[in-house]
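Below you'll find the structure, written out as structure tokens, and then a few comments.
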Amino acid sequence: MDIQKLRDEAKRALGRKEIEYLIGYKKGSYGFRISPCFIETKEEVDQLTFSPLCSLSLVNYLTIEGKPLLPADEKKSKAKKVALLVRGCDSRALNQIIAEGGISPDQLYVIGIPCSGVIDLKKIEARFPHTPDPVDVVEENGNYIITINDQSHTVPVDELKAETCKTCQYPTPLTCKKLIGDKRAGNPPQYEDIQILEAQPPEEKWQFWQNQFSRCIRCYACRNSCPLCYCDGCILEKLKPQWVKRSVDTNENFMFHITRAFHLAGRCISCGECERVCPVDIPLMKLNRKMEKDVKELFDFEAGLDPEVKPLLNTFAIEDPEDFIL
Amino acid sequence: MNNPYLPQVAKIIDVKDEAPGERPIKTFKVVLENGNSLNHRPGQCAIIGILGIGESMISIASSPTRKDCLEFSVMRLGTVTSALHECEPGDTISLRGPYGNGFPLDDWKGKNIVTIGGGIGQAPLRPIVQSILDNRSDFGDLTVIYGARSSHDLCFKDELLALEKDGPASVHLSIDAEEPGWNKFVGFVPNNLLEIKPSPENCIAITCGPVVMIKYVIKNLLELGFTDAQIFTTMENRMKCGIGKCGRCNVGHLYICKDGPVFSYDTLKDLPEF
Amino acid sequence: MTTYTLPKDKLPEFLSALSDYEIWAPVKKGPATLFDRLDDLKDVDLDLENQPVISKKAIFPQNEPLFSYDRKGTVTETDLNAVKNTIVFGIRPCDARSFTLLDPVFEGDVPDPYYRARRSKTALLGIACNDPFVNCFCTSIGGSPFGREGLDLLFIDCGDLFTLEVITETGKEITGKASSLLSPATAESSEQIAQAATDKIKRHIDLTGLPEKLASLFEHPVWKEFASKCIGCGICTYSCPTCYCFDMQDETTLKQGRRVRIWDSCMFPEYTLHASGHNPRATRTERFRNRIYHKFKFNMDNFHSYSCVGCGRCISLCPVNIDLIDYLSRVKETE
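Same order as they appear, the protein sequences are chains A, B and C. Using this note's numbering, read the first sequence as starting at -2 and increasing by one per residue. Using this note's numbering, read the second sequence as starting at 3 and increasing by one per residue. Using this note's numbering, read the third sequence as starting at -15 and increasing by one per residue.
In structure tokens form, the structure reads like this:
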């Protein structure tokens, strides 16, 4: 993707008087890191970047408590808009949140970027440890060309790409004002890893998830980096009644993750960020993708494809299957 | 080694509906089941609670000079205080403490004392009033300025009215808005303070109430000529451990549970977040 | 200082010789390297290429039952005599040092019996960092990759063998239990490896004057800017070896219950939320600022040290690149 086109478009957007600021990515403070950034003036636009290292969903910043830089009096600024960079998954997240009434589309100016998938930071940092200086990464012909201190390294895409992105069905933003770069075709649906888990006997599944959840420390990085986890007053924080105990043990961790997976059923847009930020490497996308697969099979529904379509589990259709109801 | 997290058992001997207002307040009289005294100082707090529900830091609303029981005035707000409001005489609660520094009453001997309270904020000031009444000759004039949203929200109304009548202290009650039958001051506590104009001469002023009220009371006290060192307040924050370890109640580098809850304005004015 | 060598392949035997102790060590759990209690000595994985999380839980567990109670209200204190003599093996020098920063908090005016019980019975057997990680900045904050502070024994990876430096009496006692496996080290010192390791640290910050600087910046708009990208998770605090804030909760089943203390995080709104709904740190800005002030100002006021050992985990694990070194540098430049 041509960064200059992105910057030009950002300049154009910031030139519009209704646009308050733009949420994008800039180079991070070290190594492979990318930082979200909030750009208010055309002069700052040159900070903007986009590369396979851009992992976090910027959609988070539209719903986060005390939205950054938004004027205090939001009523007065009804006419104001926020410009936002989205990838395919982010665009689905936006559609889903708009369908749920969580964001008004009138407040957004969306710049879309067809995405070739993000690099799993854990993988690239394991491959190139001790890299404090900022690096450049581009994708070319099935390889990542990684430039560290003027030295180029070529690594096959498959070795570093985030697992979720390898099965991405919608790399191109579905709904956006401007699209930078050429559309990309998605992959066909692929659930082999989920089918393997499904085929296991219950005891094995139980054991598998017990092992995974036993190490969760409940830092909530998964929840807080999830663009769809935007509830005001998450059920996990409720004290009356207290649905999930604060104690961090396998049982309570199960309760947390299963509750979260259920709340994301028909809503998760498979960005995979929850799994990537987990400090103890819990494969959360296996849960979310199982839900995604079930929702697809039972209701022929995919989250976030159209902001006009009502959220699946908020609606009822007479022909809905009910054979899973005991 | 003494375990500071282990609660004692206390028995409720009396429950009084203190203020039936929108956010009801009840006053609990309790005694330790082992018959011991808590040996607290006025202004200190205790952590009371119910096993299985949790604990809350509550100021001790009675003076150590009143030895028959400990009193706690509790507003029903969260999980613990709601459960406490369900308690009846004969029920037991958990209790640990006392915590915090308390008021330096010994330093105040021979001085005139003004307490300025708002709402439930009168509870921590009450032991000052009681201690002075019980050692009347040790102190100069006692002035009690106290207000609440409405007459239904005023705590300790009967005893304050009695005090006003009997004369060992001058008492000035107020409510925020007009009510039929109310012939005392109507308006906010800081304004009542300006009406009464206590003299800063040889005087200590202690205030407790909502944060906004405290800020305006301090402003007005300074206007009346009180110095920073003559002004005291007692504060609250969410607390868990009571011993300065769990982290959450800090104001700047000080912990309200351990370094407070009583602060002179001299200390407080330099703290960030105040 | 007494120094021994231990052939690397004798490590399992060395640990077996310490079977009187409960042993904690880095273990591989899935792809992650975590500190955990060892059920099987074979599970030890020093994994020098990855920075393990989280060693503080060996002494300050994420959940600590304070006491239990029954329906009649009978309280049974947790039996702290049951705490076993423990060895934390493979802890990094920064993490070991963190306990020396936690000590004044948990001792203080009112000593914490739970912390003390574990701390007094735990020996820290460190592994020197020959190869510091990308965000390590221990040397900027009073530590070093070969730091001995807080440790009883220091293991130094010298290729085929470990060099063991005995630092304390406890360390001596422990080497005594495995003396048959150890040989006295030749005079060759570890200074060269230590220097090489220190030279590999690429991130530095001069913290001189930081607390004074912070004292003048509390109301500065820079905190809002810093906190604007924070997504408010607790990964920085939970992975921090010097963060100690906790919550206390009653957890009850049908017949009995327990009061338990659980790690908490100042980054969560609930942490300071009053029952009235008032929150003295209502926004991410205030919470983020408090975290920085606690570590670099308030802790200095109270205990004359920073509450940070420069392990860099908060930087490495932050999903949105909140970089402590970068931010502190900017604080120093802010007027």
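Every residue gets a Cβ at the ideal spot worked out from N, C-alpha and C, and that includes glycine.
> By DSSP, does W247 (chain C) sit in helix, in strand, or in coil?
Replying inline: strand
> Mind checking if D24 (chain C) is an interface residue toward chain A, Cβ cutoff 9 Å exclusive?
Replying inline: no
> Do we get a CB-CB distance below 9 Å when we pair F242 (chain A) with the residues of chain C?
Replying inline: Checking the displayed sequence, the identity of residue 242 (chain A) turns out to be Lys instead of Phe. Chain C, which has a Cβ nearer than 9 Å to the Cβ of K242 (chain A), makes this yes.
> Of the residues B:G244, B:P192, B:M59 and B:D93, which one's Cα is nearest the Cα of N292 (chain B)?
Replying inline: Only positions 3 to 276 of chain B appear in this structure, which leaves residue 292 (chain B) out of reach.
> Mind pulling the chain A residues with CB within less than 7 Å of D310 (chain C)?
Replying inline: S26
> What are the complete beta strand (DSSP E) segments, minimum 3 residues, inside the region 87 to 155 of chain A?
Replying inline: 105 to 109, 133 to 137, 140 to 145 and 148 to 153
>> Tell me which residue opens and which closes the alpha helix (DSSP H) that P239 (chain B) is part of.
In response: According to the sequence shown, residue 239 (chain B) is Asn rather than Pro. Unbroken run through N239 (chain B): none, as it is neither H nor E.
> Exposed or buried, what is P200 (chain B) when buried is set at 16 or more other beta-carbons lying within 10 Å of its beta-carbon?
Replying inline: buried
> Any contact of the region 146 to 160 of chain C with the region 200 to 216 of chain C, i.e. 3+ C-beta pairs under 8 Å?
Replying inline: no
>> Rounded to the nearest angstrom, what separates E20 (chain B) and K68 (chain C) at their Cα positions?
In response: 51 Å
> Mind pulling the chain A residues with CB within less than 9 Å of S128 (chain C)?
Replying inline: Chain A residues near S128 (chain C): none, gap ~17 Å exceeds 9 Å.
>> I'd like to check one pair, P100 (chain B) with Q46 (chain B): are the Cβ atoms closer than 9 Å?
In response: yes
> What span of residues does the beta strand (DSSP E) with W8 (chain C) cover, start to end?
Replying inline: E6 to K13
>> Could you tell me the alpha carbon to alpha carbon distance between G92 (chain C) and F139 (chain C), rounded to whole angstroms?
In response: 31 Å
> Taking Cβ-Cβ distances below 7 Å as the criterion, which residues of the region 113 to 133 of chain A are in contact with chain C?
Replying inline: P126, H127, T128 and P129
>> Using a Cβ-Cβ cutoff of less than 8 Å, which residues in the same chain neighbour K105 (chain C) once the five nearest sequence positions on both sides are dropped?
In response: V67, K68, N69 and T70
> Taking the continuous alpha helix (DSSP H) assigned at M(-2) (chain A), which residues delimit it?
Replying inline: That residue, M(-2) (chain A), is in no alpha helix (DSSP H); it is neither H nor E in DSSP.
>> For K180 (chain A) and S267 (chain A), I'd like the C-alpha separation in whole angstroms.
In response: 19 Å
> Can you list, in chain order, the stretches of the alpha helix (DSSP H) that have 4 or more residues and sit fully within the region 65 to 128 of chain C?
Replying inline: 77 to 90 and 97 to 104
> Which residue or residues does DSSP assign as beta-bridge partners of I95 (chain B)?
Replying inline: B:A12
>> Taking 9 Å as the threshold (beta carbon to beta carbon), is F35 (chain A) in contact with chain C?
In response: yes
>> Just list the residues that DSSP pairs Y53 (chain C) with in beta bridges.
In response: C:V59 and C:G241
> Per the contact definition of three or more C-beta pairs closer than 8 Å, is the region 91 to 100 of chain A in contact with the region 127 to 140 of chain A?
Replying inline: no
> In chain C, which residues lie less than 7 Å from E88 (chain B) when you measure between Cβ atoms?
Replying inline: None at all; the shortest Cβ gap to chain C is about 16 Å.
>> Please tell me whether P276 (chain A) has its Cβ less than 9 Å away from any Cβ of chain C.
In response: yes
>> So that I know if they touch, is there some Cβ in chain B lying closer than 9 Å to that of V89 (chain C)?
In response: yes
> Going by the beta-carbon positions, is the gap between G54 (chain B) and G241 (chain C) smaller than 9 Å?
Replying inline: yes
>> By the DSSP assignment, the beta strand (DSSP E) with V150 (chain C) in it spans what residues?
In response: L145 to V150
> Should S39 (chain B) be flagged as near chain C, meaning a C-beta pair shorter than 9 Å?
Replying inline: no
> Which residues in the same chain as F141 (chain B) place their Cβ atom closer than 8 Å to its Cβ, once the five residues preceding and following it in sequence are excluded?
Replying inline: W110, K111, G112, K113, N114, I115 and I134
> Bridge partners of N252 (chain B), per DSSP?
Replying inline: B:Y257
> Counting only beta-carbon atoms, is C173 (chain A) nearer than 9 Å to chain C?
Replying inline: no
>> Please report the straight-line C-alpha distance between I125 (chain C) and N140 (chain A), rounded to a whole angstrom.
In response: 40 Å
> Which stretch, first to last residue, makes up the beta strand (DSSP E) that contains H174 (chain B)?
Replying inline: S172 to I177
> Counting pairs of beta carbons, one from the region -2 to 17 of chain C and one from the region 248 to 262 of chain B, are three or more of them closer than 8 Å?
Replying inline: no
>> Does chain F have any CB closer than 9 Å to the CB of L257 (chain C)?
In response: Here chain F cannot be found, since the structure's protein chains are A, B and C.
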